[in-house]
Structures are given as structure tokens and as C-alpha cells.
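For the sequence shown, position 44 (counting from the first letter as 1) is numbered 44 according to full-length UniProt numbering, and the numbering increases by one without interruption. Quick notes on the structure that follows.
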Amino acid sequence: MEAKKDIHGENEIAKIGDTAHDFEFQDHQGKTFHLSDLIGKKRIVVYFYPKDFTPGCTIEAEEFSRDYNLFRNDNIEIIGISPDTNESHVKFREKMKIPYMLASDTRNEIAKKYGVYGLKKFMGKEYYGVNRSTFLIDTNGKISKIYEKVKPKGHSEEVLEYFKSINK
Numbered sequence: 001m002e003a004k005k006d007i008h009g010e011n012e013i014a015k016i017g018d019t020a021h022d023f024e025f026q027d028h029q030g031k032t033f034h035l036s037d038l039i040g041k042k043r044i045v046v047y048f049y050p051k052d053f054t055p056g057c058t059i060e061a062e063e064f065s066r067d068y069n070l071f072r073n074d075n076i077e078i079i080g081i082s083p084d085t086n087e088s089h090v091k092f093r094e095k096m097k098i099p100y101m102l103a104s105d106t107r108n109e110i111a112k113k114y115g116v117y118g119l120k121k122f123m124g125k126e127y128y129g130v131n132r133s134t135f136l137i138d139t140n141g142k143i144s145k146i147y148e149k150v151k152p153k154g155h156s157e158e159v160l161e162y163f164k165s166i167n168k
């Protein structure tokens, strides 16, 4: 299935049922992995966030960290993605005690593949950036659920509830 382009032709718009786009990320020791390494082994939460150490991103990271063992108990891995550098991610991970992996997307290539890079508005100013979004990927590598315009507070619990609802 071919991904649709956004109105500017920049982003592909990932949809439920699409195969998740592969990307690479590093663990806390700097070892490189690919999303495809997890396909067939785990379900995956891929969440995009705008910037390390900002209020909303900190809340989201804290909640996913708090609930990480609940996800792992259900064989679900979490990967956070932002335009920050790997060096920034290391500091963010250490300060926030983040147990899951973070992917650096400094050129917004991953965000564009998933269709989450676009025009944003803050305090009356328009700019391009990452729109907070979450993609749930099944063990076959297909996108099973998409959350757009995510509110950080309570999002981890919302994702856990979704997984519980499909496990019944």
C-alpha cells in the first residue's frame, strides 16, 4: 500500500494498517538498533515528541517511564522520537531515568515518514515542527492505532488501556 503525501508533498501520511517505517535508534549505551529488529518479537509504542526537557515532553516521558514495567509485562516496547541529538537524549534519559529507548531525528526524516512533521502554532506564531503523536505497532509490523494531537498527561495510561482492550 502506497502512503499518501500531505498537502505540501513533504510528509507521507501513515495510516492504520500500513507497515511501520523502519528507523534506527540507540539504547542508553549507544548501541544501534532498528525498529525492524523488534518486529515479530514485540508490540511497539512509537511516540513522537517535540523536544527534550520541555514541560509536556517531560510529563509524557515521566508517565511512560512510570508505566514501563506494565508495558514490558505485556511484551510491549516503547521508543520515543524527537529532533534532539543523541547527546541530548542521553542527558534527558539520565535526568528523567527513562528506561526505554529514544531515537534522534535531527533532520525530521522519521517524523516526515510518519506524517507528524508540519505546521504548528504557538503564541500566535507559525512554525514547522513535530506534532505530538503516538503510533502503536503490532507484532507483524503494522500500525494498529494512531493517536494525534496527544495530551501528555494521562497518555501512557490511555495507551495501556487500549492494549488491555485488544487483549480481551
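A virtual CB, placed ideally from N, CA and C, is assigned to each residue, including glycine.
- Residue 146 carries a strand assignment under DSSP once its states are collapsed to helix, strand and coil.
- Its chain contains 32 and 34 as the residues whose beta carbon lies nearer than 6 Å to that of residue 24, once the 5 sequence neighbours on both sides are disregarded; these appear in chain order.
- Taken in chain order, the complete beta strand (DSSP E) segments of 3 residues or longer contained in the region 69–94 are 76–82.
- Setting aside the 5 residues that flank it on each side, residue 56 is surrounded in the same chain by 152, each with a C-beta closer than 6 Å to its C-beta; the list follows chain order.
- Taking the C-beta atoms as reference points, residue 27 is found no nearer than 7 Å to residue 92.
- Inclusion of residue 139 and residue 40 in the CB contact set at 7 Å is warranted, their separation being smaller than that value.
- Rounded to whole angstroms, residue 141 and residue 18 show a C-alpha spacing of 8 Å.
- By the C-beta criterion, the region 61–70 is judged not to be in contact with the region 105–124, since fewer than 3 inter-stretch pairs fall below 8 Å.
- Scanning 135, 129 and 165 for the CA closest to the CA of residue 147 turns up 135.
- With respect to residue 20, residue 143 sits close: the two C-beta atoms are nearer than 7 Å.
- Within the DSSP bridge table, the entry for residue 45 names 78 and 136 as partners.
- Assignment of residue 100 by DSSP, reduced to helix, strand and coil, places it in the coil class.
- Taking all protein chains shown into account, residue 73 has fewer than 16 neighbouring C-beta atoms within 10 Å of its C-beta and is therefore exposed.
- At least 7 Å separates the beta-carbon of residue 104 from that of residue 131.
- As computed with DSSP, residue 166 is found in no beta bridge at all.
- Of the residues 166, 121 and 129, the one whose Cα lies closest to the Cα of residue 48 is 129.
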